[in-house]
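Novice: Quick one: structure below, then a few questions.
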Amino acid sequence: MINKTVLITGGARGIGKAMSEAFAKEGYNVLINFNKSEDEANELYTKLSEKNFYVKLFKADVSNRVEVENMIDYCVKEFGGLDVLVNNAGISQDKLFTDITDEDWDRMMNINLKGCFYCSQVALKYMISEKKGNIINISSIWGISGASCEVHYSITKAGIIGMTKALAKEVGPSNIRINSIAPGVINTDMLSEYNSEDINVLVEETPLMRLGTPDDIANCAIFLASDKSNFITGQVISPNGGFVI
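In this text, residue positions in the sequence shown follow this note's numbering: the first is 26, and each later residue adds one.
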């Protein structure tokens, strides 16, 4: 393939969907990963295919190494390579720290942190041999500042930042860049549990006086994937409207 190829985990909904659309419009071959969001994935696939964008779907649980290996093998065989990996798949949960169960903890760590580990490790086996590649890890402002009642979530997002910085040092000599995006409060269905009063408070605490959009994050990902950022690695960029400075 002439075009570059991007694999976006959790690419069917919210920020992932916006990134899938943005990369497709930029001319990338896009492999959209999903696990439980099959209806949304099929709808997005149809929408993008009708516009003659080259996209494919792949169902895989990122916390399962075998499924991740199968997904990346498929990507390389289908598109002829893998240029950009976006580790976006993740879950969140509002819960008092003292109420977090072992099951809550394990599920959060497995999907958010182990998923990022598996996808990066398997992708790097290919990227290192090619002496090129780009990994973008989606973290969160709560990985920077921490969030009350989201301690286990904050831990996974802080871990992703640590992985980004350390891995950038390790694979930089192989011409591979690793960066992280730490979104602020973004208007996705993750806010569905918030009432209008809570949303208004979040807006008032944001200096730009609005919530972020999935497109705000997608635009940042496009930049980090492009040659315009080819001297940027190991960095955490936080599009958050000034919520955390």
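Every residue, glycine too, gets a C-beta built ideally from N, C-alpha and C.
1) Would you say G266 and L216 are within 9 Å of each other, going by their C-beta atoms?
2) As a quick exercise: from Y219, W130 and G140, pick the residue whose alpha carbon is nearest that of M96.
3) Which of the three DSSP states is assigned to S117 in this structure?
4) Can you give the beta carbon distance from I206 to I163, rounded, assuming they're within the 8 Å contact cut?
5) Enumerate in chain order the residues of its own chain whose CB-to-CB distance from K120 is below 7 Å, with the five nearest sequence positions on each side excluded.
6) In terms of residue numbering, what span does the alpha helix (DSSP H) encompassing I161 cover?
7) Taking DSSP as the reference, what is the three-state secondary structure of K81?
8) Using CA coordinates, which residue listed in G105, M188 and I153 is at the minimum distance from N137?
9) Taking the alpha-carbon positions, what's the L149 to L249 distance?
10) Along the beta strand (DSSP E) that carries L56, what are the first and last residues, could you check?
11) Cα separation between Y99 and V31?
12) Pick out whichever of K84, A183, T231 and N89 has its Cα sitting closest to the Cα of G35.
13) Would you tell me roughly how many angstroms separate the C-alpha atoms of N28 and I116, rounded to the nearest one?
14) With DSSP as the reference, please indicate the residues paired to L32 in a beta bridge.
15) Could you tell me how far apart the beta carbons of V269 and G209 are, in whole angstroms, since I believe they sit closer than 8 Å?
16) For K157, which residues in the same chain have their Cβ closer than 6 Å to its Cβ, ignoring the five residues on either side in sequence?
17) Count the other CB atoms, across all protein chains shown, that sit within 10 Å of the CB of E46; report buried if there are 16 or more and exposed otherwise.
18) Determine, using beta carbons only, whether F78 comes closer than 9 Å to chain D.
19) Any idea if I257 is buried or exposed, counting beta-carbon neighbours within 10 angstroms, 16 or more meaning buried?
20) Report, in whole angstroms, the separation of the C-beta atoms of S179 and W167, which I expect to be a contact under 8 Å.
Specialist: The structure says:
1) Judged by their CB atoms, G266 and L216 are not nearer to each other than the 9 Å cut-off.
2) G140
3) coil
4) 5 Å
5) D129 and C174
6) Boundaries for I161: no alpha helix (DSSP H) harbours it, while the beta strand (DSSP E) harbouring it runs G158 to I163, taken from the DSSP string.
7) strand
8) M188
9) So the two alpha carbons sit approximately 17 Å from each other.
10) N54 to F59
11) 13 Å
12) K84
13) So the alpha carbons of these two residues sit roughly 31 Å apart.
14) For L32, which the question treats as bridged, DSSP gives the partners L56 and L110.
15) 7 Å
16) N200
17) buried
18) In summary, chain D is missing from the structure at hand, where a single protein chain is found.
19) With fewer than 16 other Cβ atoms within 10 Å, it is exposed.
20) 4 Å
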